[in-house]
Each structure stands twice: as structure tokens, then as C-alpha cells.
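**Student:** This is the structure, below, for whatever I ask next.
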Amino acid sequence: MSIITFLSEDLKETGQTMSIAAIATAMAIEHNYKILVISTDFMDKTLENCFWNINQRKISLGLFTKTNVMDVSNGVEGLVRTLASNRVSGEVIKSYSKPVLRDRLDVLQSPKTTDYKQYLNTSQYFFQLAEIANTTYDVVFVDLSGKVSKEAKEKMINVSDLIVVNLLQSMTSINNFMKLKNENSFYNKNNVLLMMGRYNPNSKYSSKNVARFLREKNIPLVVPYNILFSDDCAEGKIVDYFLKVQKVEGYDNKDTFFIKQLRETTQRLEYKMQEKLNGLI
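With the sequence shown counted from 1, adding 184 to any position gets you my numbering.
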């Protein structure tokens, strides 16, 4: 149904990976979507580490099924090798992916290679894998690394229905994006959204202020910084986090604020997805 690519033009950490993990998990839990998250980084397992801890045992809770880390064939490299034979389908990609929530959320792990040249070669095929996965999954989220080649980045952008550009809450990041908008018409397209991860609502660079600085009609999406969420992600317990906070919703606390903002972000993404599907953007 939709390919949504998250990327950043900043050199510093923007919270992109943890934001995509939060959005995908929340959307999978609260909606009847089949979601795939594609990790594209090089020698960095930040996304995978949000979902699995190598020491955890298998726990089955109905819809929620977690497993310890398994070797899923040859991962992305194995899929790329089969592309030439035209034997890759959405179901094949599903078999190479790791389940997080049964029939709801899978993750296709980043390449295993430690050779950067091999990684760059593999990255040329990420866009094809996303296109094929889109025939089976309702939503394909791509956590696009800044380490992919310019060509691989452009290919992924071209097949994406929505592009989410991650910004920092800083004037430098805002000015850099303003320059990009002025130099490249791509950043002015209606299917390009702005987002701030690790968001602090008390900063002078609030989402409304950033929109005003950039003369953007739409206020950037946000995923707030939350220490409990961050700690659970570091331990491969992101699903545990969402199960825990469901019990405390309604109280005036930081977790309630986090979930409320995250819901608004997922709802806005869903709205843009529908606009794209209906040919309105």
C-alpha cells in the first residue's frame, strides 16, 4: 500500500531510527496493518536492538510474539542474490524477515557484511526489495542510512510514497534545511514531511516555531524523548514498553504525553498515506 522512507540530511544523530521503531510498533499494535521495517545501516544494529535482546527467551502473548535473535538465512544479501532469478516475492521477503508482532510487524535486518564496498553494492537493491515487499505488506517503512550511495538514496526516494525528513531542534539544522529547500525543489513536494525525533517540547525550537522559521504550512511530526522508552529500546524491549504504558494511560505523566504525541504522528502519517493512495498528493 505505502512505502514510507525516513532520512536525514544532518550529520548528527536525529533520533531517526528510534522514531521509526516507535511509529512502526505503535501502528502495528493499534491498527490492523501488516508492516515491514527495512534497516539499511552499515555495521549498526540500533534498529534491531530495539526489538531483540540476544539473551531473552521466547515469550508468547497471543498477538505479541517475541523471539531471541535467530539467523534468518543470509538476510538482505541472500535476497539480493535471488533478485536476478526473479524468484523474490513479498512472501519470500517475509520469510527472510524477523517477526516482532505475529502477522503485524516484521523487520528486515541490515546487511551483515563488514566490507563497505560490498555494503554499497547491496544498498543499490534496497529500493527493489521495498517495492516487492509493498505487494505483501500494507506499509513498508525504510530506515534509510546516510551511508548508502547517492544513487541508492535517489532510487529509494523515487519509489517512496512518502518521505520523512528528520531534523534536529537547532538553528543549524533549520538553516541547513532551508538551504536545501531553496536549492532542491524535491524538498518542497507535498509527499515530503518533516519530523523531529527525541523531541523536547520545552525547547525554543518547538514544532510550531520550526514550522514558522521554515515557512511551512504543516507543523513537523514529532516523537518526544522519553527515558523509559529509550531504556527499553536499548534492551530490546520496545514491545514491553507499549504493553506497560497501556496500563498507565490517562494519568498526567511523561509516558502519557509520549503516547499521545506518537498517536498524533501516526494518524497524520495515515492521513497522508490515504491522500497519496487517492492521488491527492
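For each residue, glycine too, the CB sits at the ideal point set by N, CA and C.
With distances taken Cα to Cα, identify the nearest neighbour of Ser414 among Tyr303, Glu193 and Thr201.
**Tutor:** Thr201
**Student:** Return helix, strand or coil for Leu464, following the three-state DSSP convention.
**Tutor:** coil
**Student:** Enumerate in chain order the residues of its own chain whose CB-to-CB distance from Leu304 is below 8 Å, with the five nearest sequence positions on each side excluded.
**Tutor:** Val332, Ser333 and Ala336
**Student:** Using the rule of at least 16 other Cβ atoms within 10 Å of the residue's Cβ for burial, across every protein chain shown, is Thr449 buried or exposed?
**Tutor:** buried
**Student:** According to the neighbour-count rule (16 or more other Cβ atoms, all chains shown, within 10 Å of its Cβ), is Gly199 buried or exposed?
**Tutor:** Classification for Gly199: buried.
**Student:** Which residue or residues does DSSP assign as beta-bridge partners of Leu405?
**Tutor:** Met379
**Student:** Is Glu226 helix, strand or coil by DSSP?
**Tutor:** Note that residue 226 corresponds to Phe in the displayed sequence, not to Glu. Coil, per DSSP.
**Student:** Apply the 10 Å Cβ neighbour rule to Asn384 and answer buried if 16 or more other Cβ atoms are within range, or exposed otherwise.
**Tutor:** Exposed, since its Cβ has fewer than 16 Cβ neighbours within 10 Å.
**Student:** Consult DSSP for Thr320 and reduce its assignment to one of helix, strand or coil.
**Tutor:** coil
**Student:** Excluding the five sequence neighbours on either side, which residues of its own chain have a C-beta within less than 7 Å of the C-beta of Asn372, listed in chain order?
**Tutor:** Lys365
**Student:** Do you know offhand how far Leu398's Cα is from Phe325's?
**Tutor:** 26 Å
**Student:** With respect to the alpha helix (DSSP H) encompassing Asp415, which residues constitute its N-terminal and C-terminal limits?
**Tutor:** For Asp415, the enclosing alpha helix (DSSP H) begins and ends at Ile411 to Ala418.
**Student:** Using three-state DSSP, classify Ser354 as helix, strand or coil.
**Tutor:** Here Ser354 sits in coil by DSSP.
**Student:** Can you tell me the Cα-Cα spacing of Asn252 and Asn237, whole angstroms?
**Tutor:** Here Asn252 scores only 39 on pLDDT, less than 50, and its place in the model should not be relied on; the value that follows carries that caveat. In a straight line, the C-alpha of Asn252 is about 7 Å away from that of Asn237.
**Student:** How is Lys250 classed by DSSP in three states: helix, strand or coil?
**Tutor:** Only weak support is given to the placement of Lys250: the predicted model assigns it a pLDDT of 45, under 50, and the value that follows is read from those uncertain coordinates. It is a strand residue.
**Student:** Between Tyr300 and Asn437, what straight-line distance do the alpha-carbon atoms span, to the nearest angstrom?
**Tutor:** 44 Å
**Student:** What separation, rounded to the nearest whole angstrom, lies between the Cα atoms of Ser307 and Leu328?
**Tutor:** 10 Å
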